[in-house]
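**Student:** To convert a position in the sequence shown, counted from 1, into my numbering, add 1.
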Amino acid sequence: MQGSPSRKLDFLIAGTQKGGTCTLDAIFRKHPQIQMARRKETHFFDDESHPWEAPDYNKLHAYFPASDNRLRGEATPVTLYWRPAIRRVHQYNPDIKLILLLRNPVERALSQWRMASARGRDTMLFSDAIREGRSRVQSEAEVEGLLRRFSYVERGFYGRQLAYLLDHFPRRQIHCEISEEFFGGQAATLQRISSFLGIGPFPALRPVHRNPGATFGVPTLSGDDIRYLSELFREDVAAVESFLGRSIPAWGNAAIQARAKSQQQDRGWMRWGATTAERSLFSLRSLLRPLVKRWQRRGYS
2 MQGSPSRKLD FLIAGTQKGG TCTLDAIFRK HPQIQMARRK ETHFFDDESH PWEAPDYNKL
62 HAYFPASDNR LRGEATPVTL YWRPAIRRVH QYNPDIKLIL LLRNPVERAL SQWRMASARG
122 RDTMLFSDAI REGRSRVQSE AEVEGLLRRF SYVERGFYGR QLAYLLDHFP RRQIHCEISE
182 EFFGGQAATL QRISSFLGIG PFPALRPVHR NPGATFGVPT LSGDDIRYLS ELFREDVAAV
242 ESFLGRSIPA WGNAAIQARA KSQQQDRGWM RWGATTAERS LFSLRSLLRP LVKRWQRRGY
302 S
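In structure tokens:
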């Protein structure tokens with residue numbers, strides 16, 4: 002083991018992708034008792050090219066300025082999904098605290114696909130990607146059946162991921178929050194997190210939402226996709242509720258459908274606005290065309 006650390010990380014924001022970890026990372030950076038890595042997502046523990054038989058933790062600690070008394074942490078949301086990363090984190094610091102921000106797995110899947118589609122990394126339709134497209138995860142897996150790309154469904158199996166996490170860390174070191182509740186009331190969530198980390202309250206801030214994701218020009222969830230994914234995730238949602246010791250109303254089918262309907266209405270207004278603008282431009286061109294021809298005849302062109 003190289004670079005055996007004298008000052009280990011105290012906590013990780015370990016998941017989930019498209020769950021609001023960018024926002025949480027940004028808020029953590031404003032707390033006077035927290036020292037975050039110089040950049041979000043160091044991807045140290047999920048780096049399969051690293052020589053893990055003799056890990057060099059200096060590469061991880063290089064993301065931090067000179068050590069002080071503040072809590073050290075970083076946010077790489079793939080960690081919860083990436084089983085080898087969980088084992089490596091435990092090897093590094095079995096006393097580390099893990100913070101999870103979990104989003105409804107149905108909507109999380111769509112959000113990941115939107116990002117991949119917008120970046121040109123997946124040309125498959127969402128309805129196909131969550132069905133037959135899942136075979137790509139196994140056929141192209143990087144390690145242990147895991148794949149960063151196309152894992153729209155697999156990353157939402159929170160119950161399995163929590164079970165694996167609990168195989169390596171005690172419950173008292175894991176703190177789980179729900180994304181929809183976080184964005185509905187950040188102050189209450191941050192109060193619970195500060196208590197978990199054993200630090201003072203977060204400074205009063207206006208509600209923050211980093212990288213909310215564009216919705217214009219992309220599809221929303223269909224009823225068929227909601228029903229299909231809800232059934233796939235049914236046991237995992239129940240496992241998260243059991244882990245929390247309570248129900249999660251924001252993850253019910255009715256809540257998802259209501260949000261999907263709202264997005265469709267918002268998108269309808271956007272389309273109406275675009276159409277109105279196009280009509281106005283067409284009318285302006287129609288008015289200007291005779292004037293342009295008259296100027297051209299008079300030699301002003």
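Here a beta-carbon is modelled for each residue, glycine too, at the ideal position from N, C-alpha and C.
Tell whether a beta-carbon distance below 8 angstroms holds between Leu-245 and Ile-131.
**Tutor:** Cβ distance not < 8 angstroms, so Leu-245 and Ile-131 don't count as in contact.
**Student:** With DSSP run on the structure shown, which of helix, strand or coil describes Ala-15?
**Tutor:** Strand, per DSSP.
**Student:** Beta-carbon separation of Ala-76 and Ile-35 under 8 angstroms?
**Tutor:** No, these two residues do not count as a Cβ contact at 8 angstroms.
**Student:** Please work out which residues of its chain come closer than 6 angstroms, Cβ to Cβ, to Gly-157, disregarding the five sequence neighbours upstream and downstream, and give them in chain order.
**Tutor:** Excluding residues within five positions, the ones whose Cβ falls inside 6 angstroms are Pro-106, Arg-109, Ala-110 and Phe-234.
**Student:** From what residue to what residue does the beta strand (DSSP E) around Leu-102 run?
**Tutor:** 98-103 is the span of the beta strand (DSSP E), which, as asked, contains Leu-102.
**Student:** Nearest-angstrom Cα distance between Arg-260 and Pro-202?
**Tutor:** Near 32 angstroms, if we compare the C-alpha coordinates of Pro-202 and Arg-260.
**Student:** Taking His-91 as part of the beta strand (DSSP E), name the residues at either end of that continuous run.
**Tutor:** Looking at the DSSP string, His-91 is not in any beta strand (DSSP E); the run it does join, the alpha helix (DSSP H), is 84-93.
**Student:** With distances taken from CA atoms, which of Ala-189, Tyr-93, Pro-171 and Trp-114 is nearest Arg-150?
**Tutor:** For the residues Ala-189, Tyr-93, Pro-171 and Trp-114, the minimum Cα distance to Arg-150 belongs to Trp-114.
**Student:** Report all residues from its chain with a CB closer than 8 angstroms to the CB of Asp-18; omit the five preceding and five following residues, and keep chain order.
**Tutor:** First, the amino acid is wrong: residue 18 is Gln here, not Asp. Cβ neighbours of Gln-18 beyond the five flanking positions: Pro-78, Val-79, Tyr-82, Arg-109, Gln-113 and Arg-156.
**Student:** Of the choices Asn-70, Gly-74, Thr-124 and Trp-252, whose alpha-carbon is the least far from that of Asp-237?
**Tutor:** For the residues Asn-70, Gly-74, Thr-124 and Trp-252, the minimum Cα distance to Asp-237 belongs to Trp-252.
**Student:** Work out the CA separation of Val-154 and Val-144 for me, nearest whole Å.
**Tutor:** Looking at the two C-alpha atoms, the distance is approximately 17 angstroms.
**Student:** On the CB-based measure, 16 or more other CB atoms within 10 Å of its CB, does Lys-1 come out buried or exposed?
**Tutor:** This structure cannot speak to residue 1, because the chain is shown only from 2 to 302.
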